[in-house]
Amino acid sequence: MSYDEAELISRCQQGDQDALKEIFDRYQIKVYRIAYGVVRHREDALDIVQEVFIKLYRSIRNFKGKSNFYTYLYRMAMNTAIDHTRKREKIPPVSLDGEDAFQPAEDPEKGADRILLKKELEGELKAAMEKLPSDQKAVILLREVEGLSYQEIAEVTECSIGTVMSRLHYARKKLQEYLKDYVKPRD
Amino acid sequence: MKDSCSSVSELLEKYHDQEVTKQERSLVEDHLSECSACRVLATEMKELGSLLKAPVEEAAGKEDFYWVWQKVQREIQERPRLTWWESLRSRLGVSPLFRKKVWVPALTAAMLILSLIVVPALMRENTSPTKLSTVEYVESPDYNVMIYEEEKGNVTVIWLFDGPDQEAPTS
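This is how it looks when you write it as structure tokens:
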């Protein structure tokens, strides 16, 4: 069953929960990727997805269709994730061990060393991302994870393309410095 | 690094992000085929992109979203409308990025206006009685003269006293 997005949004604005479910199915992964990219914590990212779609349902009447729907939703996801991180910063950090840590899919071919390495990398990535200012974090994730163009990132983050490029440049520079052992090309 | 590296390095990020023109693309690709230093930079950028992307794609499953939707549905059925604060935030577009982008310059501008216009104006008002009026006292063998002038109101008051022995009036 396929609906035009504008019709879906219009139905959702009238309180149709089935329409929201279709929007949820279309965008759940994208919203999750943004959330996970910011918080790098599986359970927190899923909580953010939940919060975003509740917020969307309650505020979709304010969406006038002046911008693309996905930029509206991405902005909401990014802001919710950043807000979540700020709230989390006030709470003491929990250990990376246990179920909070990155959980790779079970694969008999992957050895214990590989899983350990991935866990270590995930920890390093999380630490590196936490060091970035939220505006730089937003652009690098929208570009590298979501594959948005400069123009689309500018719409989501409500700034100019020049600012997007500059934030991207600094974000990359910092991440390459923090993660230099992982990004160096193999000989 | 060669001289041409500096001009290509500016394009390298745009090339990686697929934001270059056809002409720029061939310029970068020609350069990369010859320059190992820039090839390293391009590879590092690519590695960073894969690093950021990979764990995100592996970290959630379909069953997770099933439960997330159940929670969304329960929540919107229990409380379908926004609270007044949520509604205000949503209408004004108040967001973490917005806060930083708008409130910081707005506050700076307000403080600048305050310091450039309002504060000097207040100071002028406070100091006006002394700055806008002058009092002179002139002594001579026959008369002593006291002159009071107010610039703004064009008021001039002149007191004449008979001689140096007489005391000046108190008002």
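So the protein lines, in turn, are chains A and B.
Read in my numbering, the first sequence has 264 at position 131, and its numbers run on one by one without any break.
Read in my numbering, the second sequence has 168 at position 126, and its numbers run on one by one without any break.
Backbone N, C-alpha and C define an ideal beta-carbon position, used for all residues, glycine too.
With C-beta atoms as the reference, is residue i less than 9 Å away from residue j?
i	j	result
Met188(B)	Val180(B)	yes
Phe202(A)	Glu291(A)	no
Tyr207(A)	Leu141(A)	no
Arg173(A)	Glu255(A)	yes
Met211(A)	Val289(A)	yes
Ala214(A)	Val272(A)	no
Ala287(A)	His217(A)	no
Leu179(A)	Ala96(B)	no
Tyr190(B)	Leu202(B)	no
Lys88(B)	His58(B)	yes
Ala261(A)	Lys307(A)	yes
Arg221(A)	Asp177(A)	yes
Glu257(A)	Tyr165(A)	no
Just verifying my parser: in three-state terms, what is the DSSP assignment at residue i?
i	result
Glu61(B)	coil
Gln196(A)	Rather than Gln, the amino acid found at residue 196(A) in this sequence is Phe. In the structure shown, Phe196(A) sits in coil (DSSP, three-state: anything other than H, G, I, E or B).
Trp201(B)	strand
Asn394(A)	Residue 394(A) lies beyond the stretch modelled for chain A, which goes from 134 to 320, so this question has no answer here.
Tyr179(B)	strand
Tyr190(B)	strand
Glu52(B)	helix
Tyr315(A)	helix
Arg121(B)	coil
Gly103(B)	coil
Leu265(A)	coil
Tyr185(B)	coil
Cys47(B)	helix
Leu301(A)	helix
Ser216(B)	Outside the modelled stretch of chain B, which goes from 43 to 213, sits residue 216(B), for which no answer is possible.
Asp151(A)	helix
Asp72(B)	helix
Glu291(A)	coil
Val278(A)	coil
Cys80(B)	helix
Asp137(A)	coil
Gln146(A)	helix
Leu308(A)	helix
Glu232(A)	Low confidence applies to Glu232(A): its pLDDT is 42, below 50, so where it sits in the model is not reliable, and the reading given next is rough at best. Note: Glu232(A) maps to helix in three-state DSSP.
Glu239(A)	Low confidence applies here, because Glu239(A) scores a pLDDT of 47, under 50, leaving its location unreliable; read the following figure in that light. In the structure shown, Glu239(A) sits in coil (DSSP, three-state: anything other than H, G, I, E or B).
Pro226(A)	At Pro226(A), the pLDDT of 47 sits below 50, so the modelled position is not reliable and the matter cannot be decided from this model.
To the nearest whole angstrom, what separates the beta carbons of residue i and residue j, a pair I think is in contact under 8 Å?
i	j	result
Leu94(B)	Glu277(A)	5 Å
Glu117(B)	Ile156(A)	Not a contact, Cβ separation roughly 15 Å.
Lys317(A)	Glu86(B)	7 Å
Arg81(B)	Leu74(B)	5 Å
Gln115(B)	Gln150(A)	7 Å
Lys264(A)	Tyr311(A)	6 Å
Lys163(A)	Glu279(A)	7 Å
field: Cβ pair count under 8 Å reaching 3, the region 165 to 184 of chain A against the region 103 to 111 of chain B
entry: Counting Cβ pairs under 8 Å, three or more are found: they touch.
- prompt: Would you say the region 261 to 273 of chain A touches the region 48 to 63 of chain B, given that touching needs at least three Cβ pairs under 8 Å?
  reply: Taking one beta carbon from each stretch, the region 261 to 273 of chain A and the region 48 to 63 of chain B have fewer than 3 pairs nearer than 8 Å; the two do not touch.
Any 3 or more C-beta pairs closer than 8 Å across the region 268 to 288 of chain A and the region 298 to 306 of chain A: Yes, the region 268 to 288 of chain A touches the region 298 to 306 of chain A.
message: With three or more C-beta pairs closer than 8 Å as the rule, is the region 188 to 197 of chain A touching the region 145 to 153 of chain B?
response: For the pair of segments examined, the region 145 to 153 of chain B was found not to touch the region 188 to 197 of chain A: the number of CB pairs separated by less than 8 Å stays below three.
field: Complete alpha helix (DSSP H) runs within the region 158 to 193 of chain A (minimum length 4 residues, chain order)
entry: Within the region 158 to 193 of chain A, the complete alpha helix (DSSP H) runs of at least 4 residues are 175 to 192.
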